[in-house]
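Here the structure is laid out as structure tokens; the discussion comes afterwards.
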Amino acid sequence: MAKLYSYLSFDNAKESMDYYKEVFGATLLKRNPMDENMAKEWGMPTDNLENTTIHGGFVVLGNTIFCSDRFGEGEAFSSSVTLMLDFNSEDAEEVEALDKLYKAVTESGVEIIDPLEEKFWGGKMGIIKDKYGLLWMFHAQPYSKLV
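The sequence shown lines up with residues 1 to 147 when you count with the numbering used here.
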């Protein structure tokens with residue numbers, strides 16, 4: 001069965017991956033820098049290739065996010081791009097993980113768009129904008145009511 005993954009493009013994916021490791025507690029997957037042949041084919045400079053990322057990824061609380069450099073193409077993130085981390089509010093361990101991650105992320109100096117708090121639908125939600133302009137929605141809902 002096919003899986004759907006987020007794929008993000010950054011000005012510097014290597015730096016971004018380190019940021020998510022430090023702030024979000026992400027674990028890093030393999031990062032592939034551009035090789036010299038590919039750089040020549042794309043008309044890119046061949047110096048400093050070790051800091052480029054043609055493909056990489058990281059994992060936040062079991063969720064894989066893939067990424068690469070923009071290589072001068074594409075646009076920065078806008079408010080139309082939001083990643084949602086969803087937690088089961090009926091599972092105490094998941095609620096604890098949500099609260100711990102939200103606290104760590106907000107203490108890093110991100111912009112809080114909507115503070116994490118209980119909402120009228122019986123869930124909990126908070127939204128932040130990270131240093132790259134990417135919106136993250138932290139959300140908990142009772143999974144027993146999804147069906």
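For glycine and all other residues, C-beta sits at the position ideal for the given N, C-alpha and C.
Burial state of residue i, where buried means 16 or more other Cβ atoms lie within 10 Å
{"i": "D11", "result": "exposed"}
{"i": "S79", "result": "exposed"}
{"i": "F138", "result": "buried"}
{"i": "M34", "result": "buried"}
{"i": "D148", "result": "In this structure the chain extends from 1 to 147, so residue 148 is not present and cannot be described."}
Top-ranked residue by Cα proximity to residue i, from the options
{"i": "R70", "options": "F138, Y7, M1 and V147", "result": "Y7"}
{"i": "F87", "options": "H55, T53, G123 and F58", "result": "G123"}
{"i": "S144", "options": "A97, F138 and E90", "result": "E90"}
{"i": "A76", "options": "E117, E94, G133 and T46", "result": "G133"}
{"i": "M44", "options": "G72, V147 and S108", "result": "G72"}
Terminal residues of the beta strand (DSSP E) in which residue i lies
{"i": "D91", "result": "Here D91 belongs to no beta strand (DSSP E), and DSSP marks it neither H nor E."}
{"i": "V59", "result": "G56 to V60"}
{"i": "L8", "result": "S6 to F10"}
{"i": "T64", "result": "N63 to D69"}
{"i": "P115", "result": "E111 to E118"}
{"i": "M137", "result": "L135 to Q141"}
{"i": "M125", "result": "K124 to K129"}
Distance CB(residue i)-CB(residue j) smaller than 9 Å
{"i": "I17", "j": "F58", "result": "Strictly speaking, residue 17 in this sequence is Met, with Ile absent from that position. Cβ distance < 9 Å, so M17 and F58 count as in contact."}
{"i": "T82", "j": "L135", "result": "yes"}
{"i": "N37", "j": "I54", "result": "no"}
{"i": "L85", "j": "V110", "result": "no"}
{"i": "L28", "j": "A39", "result": "no"}
{"i": "G56", "j": "K30", "result": "yes"}
Cβ separation of residue i and residue j, assumed to be a contact under 8 Å, to the nearest whole Å
{"i": "G25", "j": "A104", "result": "7 Å"}
{"i": "C67", "j": "A13", "result": "5 Å"}
{"i": "I113", "j": "T106", "result": "Between T106 and I113 the Cβ distance is about 11 Å, and since that is not below 8 Å, they are no contact."}
Residue interval of the alpha helix (DSSP H) (run including residue i)
{"i": "E41", "result": "E36 to E41"}
{"i": "A13", "result": "A13 to F24"}
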